[in-house]
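Residue numbers for the sequence shown follow our numbering, so the first one is 1 and each next one is one higher.
We put the beta carbon where it would ideally sit given N, CA and C, even for glycine.
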Amino acid sequence: MNSTPVIPEADQSLDVCGLHCPMPLLKAKLALNAMRAGAVLHVCATDAGSWDDFAAYITLSPHQMLHREARTEQFHYWIRKGA
């Protein structure tokens, strides 16, 4: 059995590395607003606070967190835009 997660293919990528709260989430919101429903946004951030920020935002939004992972000093999020 393969336990490696399947990383979704992104329609758009957003690099917010080096930016601090609240900029990673704000830039992701702007990017999502410009995308069509069902499209997938990949976000790469270095702000550790983004881990909780993105999780909280998703629970209050129509969007879906498809996958997220913490890599060495980077946090990656794959978000499907809701309707």
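Open item on the list: Just to confirm the assignment, what range does the alpha helix (DSSP H) spanning residue 26 have?
Closed with: That run of the alpha helix (DSSP H) goes 23 to 33.
Exercise for the section: Can you grab the Cα-Cα spacing for the pair residue 69 / residue 10, in whole Å? Expected result: Their Cα atoms are separated by approximately 15 Å.
inquiry  = Can you tell me whether residue 7 is helix, strand or coil according to DSSP?
reply    = Here residue 7 sits in coil by DSSP.
When burial is assigned at 16 or more other CB atoms within 10 Å of the CB, is residue 22 buried or exposed?
exposed
Checklist entry - Taking the alpha carbon of residue 84 as the point to measure from, which residue in 34, 8, 75 has its own alpha carbon closest? => result Nothing about residue 84 can be reported from this structure: the residues present for the chain run from 1 to 83 only.
Less than 8 Å between the beta carbons of residue 49 and residue 80, yes or no? no
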